[in-house]
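A.B. asks: Our numbering numbers the first residue of the sequence shown as 370 and each following residue consecutively.
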Amino acid sequence: MKCSLIVGSRKEAIAINGTPSFVKSKQFEGQVKVRLRDYEVLDQEYFSRSNDTCSIMIAGRFLPTQGALTADDILFGNQFDKPLRDILPTGSSYMMKGLKLVDPAIEYDLYCDRPWAFSPFYATMTKFTTANAQPPLKYFDEGSPGRRKEMQDPENRKKIVLSPNQYFVADFCNPFFDPSSMSVSIPYTRLKFSVKSYYSGQPLRYVCKTRAGETIFAIEFDL
Numbered sequence: 370m371k372c373s374l375i376v377g378s379r380k381e382a383i384a385i386n387g388t389p390s391f392v393k394s395k396q397f398e399g400q401v402k403v404r405l406r407d408y409e410v411l412d413q414e415y416f417s418r419s420n421d422t423c424s425i426m427i428a429g430r431f432l433p434t435q436g437a438l439t440a441d442d443i444l445f446g447n448q449f450d451k452p453l454r455d456i457l458p459t460g461s462s463y464m465m466k467g468l469k470l471v472d473p474a475i476e477y478d479l480y481c482d483r484p485w486a487f488s489p490f491y492a493t494m495t496k497f498t499t500a501n502a503q504p505p506l507k508y509f510d511e512g513s514p515g516r517r518k519e520m521q522d523p524e525n526r527k528k529i530v531l532s533p534n535q536y537f538v539a540d541f542c543n544p545f546f547d548p549s550s551m552s553v554s555i556p557y558t559r560l561k562f563s564v565k566s567y568y569s570g571q572p573l574r575y576v577c578k579t580r581a582g583e584t585i586f587a588i589e590f591d592l
C-alpha cells in the first residue's frame, strides 16, 4: 500500500508508521503521521496502547487568512472522483447509519457523481487537545471526554476562533476500518466485509478543507 500527502499541486509519499510528514499550506502549518496496525513496519509504541487499526494524527496550527476562521469552518472527510452508486456494497446504508451514531455531525452524498462524506474537523477527530507550541505526534489520551458531544453543536463550534498562536494535536483513529486489508466493521454490529473491490481503482482520500470548499491538505491511500 502507498500513502501520499497532497498539498496544493505537490504530492509526496508518507512513510506509514514512519517519520511524520511536514505540511505547509495557506491555512495550516504542522505535521501528519499515518499509522496502520500490523503493517510492514510496526509501531508498537502506539498500538500496544490502543485497539485501533488505523490512525491519522495531525499536529500544528490553523492560519487564518482573510478574516477569522472558527472551528465550524474546517471540515475533514472523504472525497471521491468517480461515482460509487452502481457499485456500493450491500449494507452500505447500515454502515452509514452506524457511522452517524459515532459521528452525528457527518454529512454525505454517496450517490452523486463525486461522492463525499465530511464532518466538522473539531467534531470528527477521535481525540483532540491543544498546546502552546508544536506538540509531538505520540499516543495521547484526551482529557476532555465531552469535547466531541459539545462540538456536534454548530453554535459551540462558531464560538471557537482559530488563532495562529494556538497549536493542537488530533488523532483520527478507530477500530472499524483497516486500510491494510480494506475491511470495514460496522459500528455497534457484528458485520464486517471487504470493500476493496468497490473502489474501482480509486484512491481512498481523506481531505481537510474549509467549509467554503478550499482544500487545505489531503491524505491519499493508493489501494
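All residues carry an ideal CB built from backbone N, CA and C; glycine is no exception. Computed from a predicted structure; not experimentally measured.
So is residue 590 buried or exposed if we call it buried at 16+ other beta carbons inside 10 Å?
C.D. replies: Residue 590 should be labelled buried.
A.B. asks: Pull up the distance between the alpha-carbon of residue 480 and that of residue 374, whole angstroms please.
C.D. replies: Near 26 angstroms, if we compare the C-alpha coordinates of residue 374 and residue 480.
A.B. asks: From this set, 398, 397, 403 and 395, which residue's C-alpha is nearest residue 382's C-alpha?
C.D. replies: Among 398, 397, 403 and 395, the Cα nearest to that of residue 382 belongs to 403.
A.B. asks: Kindly indicate which three-state DSSP category residue 469 falls into: helix, strand or coil?
C.D. replies: Three-state result, residue 469: helix.
A.B. asks: Would you call the segment 539-549 and the segment 401-420 in contact, with 3 or more CB pairs under 8 angstroms?
C.D. replies: Because the criterion of three Cβ pairs below 8 angstroms is met, the segment 539-549 and the segment 401-420 touch.
A.B. asks: Do residue 548 and residue 441 count as a contact pair if the criterion is CB distance below 7 angstroms?
C.D. replies: Contact: no.
A.B. asks: In angstroms, rounded to a whole number, what distance separates the CA positions of residue 507 and residue 483?
C.D. replies: Cα to Cα, the separation comes out at about 34 angstroms.
A.B. asks: Going by CA-CA distance only, name the one from 468, 512, 372 and 393 that's closest to residue 493.
C.D. replies: Of the listed residues, the one whose Cα sits closest to residue 493 is 468.
A.B. asks: Between the beta-carbon of residue 438 and the beta-carbon of residue 531, is there less than 7 angstroms?
C.D. replies: Result yes, Cβ atoms of residue 438 and residue 531 sit closer than 7 angstroms.
A.B. asks: Go ahead and pull the three-state DSSP assignment for residue 400.
C.D. replies: The answer is strand: DSSP assigns residue 400 an E or B state.
A.B. asks: Please name the residue or residues paired with residue 586 in a DSSP beta bridge.
C.D. replies: The partner list for residue 586 (beta bridge, DSSP) reads 577.
A.B. asks: Report the three-state DSSP secondary structure of residue 518 (helix, strand or coil).
C.D. replies: Three-state DSSP puts residue 518 in a helix.
A.B. asks: DSSP has residue 536 in a bridge; who is on the other side?
C.D. replies: Note: residue 536 sits in a beta bridge opposite 500.
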